[in-house]
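If you read the sequences in order, they're chains A and B. In this text, residue positions in the first sequence follow our numbering: the first is 49, and each later residue adds one. In this text, residue positions in the second sequence follow our numbering: the first is 49, and each later residue adds one. Beta carbons: idealized from backbone N, C-alpha and C, even for Gly. The structure presented is a predicted model; accordingly, all values stated were derived computationally and were not measured. This report refers to the structure that appears directly beneath it.
Protein chains: 2
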Amino acid sequence: MKSDNKLSSILHVILHLAEHQQAITSETLALYLKTNPVVIRRMMAGLRQAGLVISVKGHGGGWTMAKPLTAISLHDVYQALGAPRLFAQGYRQDAPQCLIEQAVNASLDSAFAEAERLLLQKFIGLSLADIAADFKLRRQQHQATTTQE
Amino acid sequence: MKSDNKLSSILHVILHLAEHQQAITSETLALYLKTNPVVIRRMMAGLRQAGLVISVKGHGGGWTMAKPLTAISLHDVYQALGAPRLFAQGYRQDAPQCLIEQAVNASLDSAFAEAERLLLQKFIGLSLADIAADFKLRRQQHQATTTQE
DNA sequence: GACTCATGTAATAAATTAAGTTACATGAAA
DNA sequence: TTTCATGTAACTTAATTTATTACATGAGTC
């Protein structure tokens, strides 16, 4: 399966957005991801509807954050994206009457459901500010290593 | 994303195999999954290499279990399949130098890695005999409900 | 008001991957 | 030697993500 990178992508975009004060255009954001502006708009559409970001058309327009990073969890972003599929493994259902198939899928489903609960709890507990803090730490360390020479 | 159903499929096949005493051909197994015999052989190849099943060519040949279900965990099957990807979400890496991208991916990776550990622990703790037991329970219940009339 | 900049979105193409199919080689039993 | 069955490579099909193109809409500037 070709993997879905929307979650990683949109987080990257949002954190860049939060680093700036004024609006950023889709075109500029696309440069960060090395992709097309339309891809940015498409992903941001859900976040706008969820009230996480604001878009403005015309001159001087672009994207800005609607809330501080501390008020946005990874879970908020995930939901705003439309809660994309988390797991790559699916259940085969070509013989729904087959009790073996039912038992197999029930077992798998129980395992995956618990992993999903854990994952979503992690998402809820992680704010974008936490990720931004990690970024700032990395930036400090980076500056420290590149300055000393 | 098109989901990978190999784990679900192969478990279905194995449990049918375990229900029988004599060898079953790929063609017959394919009927259970409503698929092609080659698909069965392809998936079973890994299980054979892992020593979970035995294949015999020629007349009266086919597939048989190499071990009792109690001796096979879901994790064994998962590994024998080649440990296929569990998660559908990937990390975008178009700007490896970008510290924001690094921080985002590190955060996601930490969450997904923990979910993966949990999932694999579940896999280790679940034997195929457990799933077979669930199947037998379902069969009993099924017979009970279809007999009473 | 005309022009430019920017988003909004539909439609399409390209790339990737899982599953299905065909073809043929190999080996074992009748 | 014929038949049955696996082993495997090659190719096709279908689903899905991402990228691209095209054009409509709206907001600010001249």
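- In the structure shown, the three-state DSSP call for residue 52 of chain A is strand.
- Under DSSP, the beta-bridge partners assigned to residue 137 of chain A are B:52.
- Sequence-distant partners of residue 58 of chain A (beyond 5 residues in either direction) whose C-beta falls short of 8 Å from its own C-beta, in its chain, are 91, 92, 95, 125, 129.
- Cβ contact annotation for residue 121 of chain A (same chain, cutoff 6 Å, sequence separation greater than five): 172, 175, in chain order.
- Counting only residues of its own chain and dropping the five nearest sequence neighbours on each side, residue 85 of chain A has a CB closer than 6 Å to the CB of 74, 75, 78.
- In this structure, the CA atom of residue 161 of chain A is about 15 Å from the CA atom of residue 131 of chain A.
- Those residues of the region 128 to 153 of chain A placed with their C-beta closer than 8 Å to a C-beta in chain B are 132, 133, 134, 135, 136, 137, 138, 139, 140, 142, 143, 146, 147, 148, 149, 150, 151, 152, 153, ordered along the chain.
- Only residues of its own chain outside the window of five on either side were considered, and among them 72, 77, 80 have a CB closer than 8 Å to the CB of residue 64 of chain B, listed in chain order.
- Partner residues in the beta bridge of residue 110 of chain A, as assigned by DSSP, are A:104.
- Residue 101 of chain A and residue 114 of chain A have their C-alpha atoms roughly 5 Å apart.
- For residue 170 of chain B, at least one C-beta of chain A is nearer than 8 Å to its own C-beta.
- Contact between residue 137 of chain A and residue 52 of chain B holds, with the beta-carbon distance rounding to 6 Å and staying under 8 Å.
- Chain-order list of chain B residues neighbouring residue 166 of chain A: 162, 163, 166, by C-beta distance under 8 Å.
- Taking 8 Å as the Cβ-Cβ cut-off, the region 77 to 95 of chain A approaches chain B at 80, 81, 82, 83, given in chain order.
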